[in-house]
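Peer 1: A single structure is presented below for examination.
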Amino acid sequence: MNIRIEKGRNGDFWADQLPEGISLLRMFDKCTMIVAAAAFVIALIYVIYLGTKPDAPFYDAMPLLASPFLVCGLIFYLRIKYWVLIILVAAAAVLWFTDLIPEVMVFFVFSLIIGAAGVVALVDALQRAIFYRILRAIEYANVKKKLAFIDKLVIFLFNVPEDLDTRNITMDYELSRTKIPWREVGNSISMGLMVGMFIWIYISMNPTFMNLSSVSSVPLLMFTLILYIPVLVMPWSIFRSLNVRIETKYRDFKVYNGIKATLQRMAVPVIAALFFVLVAINTSDIVTVLYYIFLSAAMIVVILTLVSLLYYWVFEAVTINDIISKWKMFRPVPVFVGLESMDPKAPRDDLPGTPKRDKNDFGKLTLPEK
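The opening residue of the sequence shown carries number 6 in our numbering; numbering runs sequentially from there.
Okay, here's the thing in structure tokens:
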């Protein structure tokens, strides 16, 4: 790992890169993300292909977009050798092809038993992929002179104030769950409902959504879209669980609250747009639109509750232990400070005749990689 001195707008600092070996990704996590991406691309291409045909059931094919979660869920169950559920899924597949039960019920069984596990596995992999990268972007956000695109994106998403010394970032090292954190589950559900408003606007603005080939297509389509909501809102829950924060002399800035505030700011104009569409330009039956909005809200609550319970029960403890075990690599000292003293009572070196030392004399420090 190479450490160099970089001049920032708020003082000089040690500008080191993330050390080798700090990655939290396991082979299972890498395979999960690769398989999910490949399955999503294949399903999307097929759905778009069907959309080019005039008589093809385009909306009926949309549930194929749930295939990434089904594949990831099967991989997860094979990994933990939970053969009972795999046998149940095999039985559901037989029932599908023999038409002994409705296809809608088979799809829900697949999605709840297998898809929910795939969603959680993907959420956990994303948390491992982004955690330390986001912390590094936040750490130097208000110190660097020139910000990269990823730095600006992180600052926007996490609502980082410009006048905050972001180098004082820390977290809790001792987290032990004795029960399900229902408050955190509620936070995930509230964030999911905010994201769900985009789906509701689509429902209210698209008259063809109300004229699908079969009534069962509507719940299936909404269920498929809602499966993606935990992937959007739950990766950030790790920052709340570990209470990642920037310490100040007054009130600490909590990283999770930053992204939650960003989502709330975005939700305000979305709510206004939703009511405008419902009242002013909607061409569908208002009662039908409201029915599907309440139906999708209920689905969001059920799916996020199920996914959250599975995440806190199976995945969170292992991920947090891995994060804490690598923390000393990311933060070898409690607080990174600049090379200049920020204490106003410290001796001044800018008086006339005071010799100054060139900071380049510090040289370049190269630490052994192993």
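Note that beta-carbon positions come from the ideal geometry of N, C-alpha and C, so glycine has one too. Everything numeric in this text was worked out from a predicted model, so none of it was measured.
Buried or exposed for Ala48, going by 16 or more other Cβ atoms inside 10 Å?
Peer 2: Locating residue 48 in the sequence shown gives position 43, where the first residue counts as 1. With 16 or more Cβ atoms within 10 Å of its Cβ, Ala48 is classed as buried.
Peer 1: Please report the straight-line C-alpha distance between Thr175 and Tyr255, rounded to a whole angstrom.
Peer 2: Here residue 175 refers to the residue found at position 170 of the sequence shown. Here residue 255 refers to the residue found at position 250 of the sequence shown. Distance between the alpha carbons of Thr175 and Tyr255 is about 15 Å.
Peer 1: Residues in its own chain within less than 8 Å of Val236 by CB, not counting five upstream and five downstream?
Peer 2: Looking up residue 236 in the sequence shown gives position 231. Val124, Leu127, Val128 and Leu131.
Peer 1: Check Phe258 in the structure and name its three-state DSSP category.
Peer 2: Against the sequence shown, residue 258 aligns to sequence position 253. Correct three-state label for Phe258: strand.
Peer 1: How far does the alpha helix (DSSP H) with Tyr316 in it reach, from first residue to last?
Peer 2: Numbered from its first residue, the sequence shown carries residue 316 at position 311. First-last for Tyr316: undefined, no H or E at that position.
Peer 1: Give the single residue among Ile53, Ala322, Ile308 and Cys36 whose Cα lies nearest to the Cα of Val190.
Peer 2: Mapped onto the sequence shown, residue 190 falls at position 185. Of the candidates Ile53, Ala322, Ile308 and Cys36, the one whose C-alpha sits nearest the C-alpha of Val190 is Ile308.
Peer 1: Nearest to Tyr317 by CA position, among Leu225, Thr229, Ile305 and Ser181, is which residue?
Peer 2: As a first step, residue 317 is located in the sequence shown; it is residue number 312 there, counting from the start. Comparing Cα positions, the closest option is Ser181.
Peer 1: What does a CB cutoff of less than 6 Å around Leu300 pick up in its chain, not counting 5 residues either side in sequence?
Peer 2: Counting from 1 along the sequence shown, the entry for residue 300 is found at position 295. Result list for Leu300: empty, nothing under 6 Å.
Peer 1: By DSSP, does Asn15 sit in helix, in strand, or in coil?
Peer 2: By one-based count along the sequence shown, residue 15 stands at place 10. Below a pLDDT of 50, predicted positions are generally treated as unreliable, and Asn15, at 48, falls in that range; the measurement from the model is reported next regardless. If DSSP states are grouped into helix, strand and coil, Asn15 belongs with coil.
Peer 1: With burial defined as no fewer than 16 other Cβ atoms inside 10 Å of the residue's Cβ, what is the status of Ile264: buried or exposed?
Peer 2: As a first step, residue 264 is located in the sequence shown; it is residue number 259 there, counting from the start. Looking at its Cβ environment, which holds 16 or more other Cβ atoms inside 10 Å, Ile264 is buried.
Peer 1: By Cβ distance below 6 Å, which residues in the same chain neighbour Ser72 in space, the five residues on each side in sequence not counted?
Peer 2: Taking the first residue of the sequence shown as 1, we reach residue 72 at position 67. Closer than 6 Å at the Cβ level, and outside the excluded window around Ser72, lie Ala44 and Ala48.
Peer 1: Going by Cα to Cα distance, which pick from Met67, Lys86 and Ile231 is closest to Met202?
Peer 2: Numbered from 1 along the sequence shown, position 197 holds the residue referred to as residue 202. It is Ile231 whose Cα lies nearest to the Cα of Met202.
Peer 1: If you draw a straight line from the alpha carbon of Leu29 to that of Lys331, how long is it in whole angstroms?
Peer 2: For the purposes of this step, residue 29 is taken as the residue at position 24 of the sequence shown. For the purposes of this step, residue 331 is taken as the residue at position 326 of the sequence shown. Near 8 Å, if we compare the C-alpha coordinates of Lys331 and Leu29.
Peer 1: So what's Ile174 in DSSP terms, helix, strand or just coil?
Peer 2: Counting from 1 along the sequence shown, the entry for residue 174 is found at position 169. Reduced to three states, the DSSP call for Ile174 is strand.
Peer 1: Rounded to the nearest angstrom, how far is the Cβ of Thr324 from that of Arg188, given a contact under 8 Å?
Peer 2: Start at 1 with the first residue of the sequence shown, and residue 324 comes out as number 319. Start at 1 with the first residue of the sequence shown, and residue 188 comes out as number 183. Not really, about 19 Å apart at Cβ, beyond 8 Å.
Peer 1: Contact defined as beta carbons within less than 8 Å: I believe Thr171 pairs with Val200. What is the distance between those atoms, to the nearest angstrom?
Peer 2: Walking along the sequence shown from the start, residue 171 turns up at place 166. Walking along the sequence shown from the start, residue 200 turns up at place 195. Actually they are not in contact, since the Cβ atoms of Thr171 and Val200 sit about 27 Å apart, beyond 8 Å.
Peer 1: State the start and end residues of the unbroken alpha helix (DSSP H) segment that holds Leu70.
Peer 2: On the sequence shown, residue 70 is found 65 positions in, with the first residue counted as 1. Where Leu70 is concerned, there is no enclosing alpha helix (DSSP H), given that its DSSP letter is neither H nor E.
Peer 1: Can you name the residues that DSSP bridges to Arg250?
Peer 2: Reading the sequence shown from its first residue, position 245 is the one you call residue 250. Beta-bridge pairing links Arg250 to Thr175 and Lys259.
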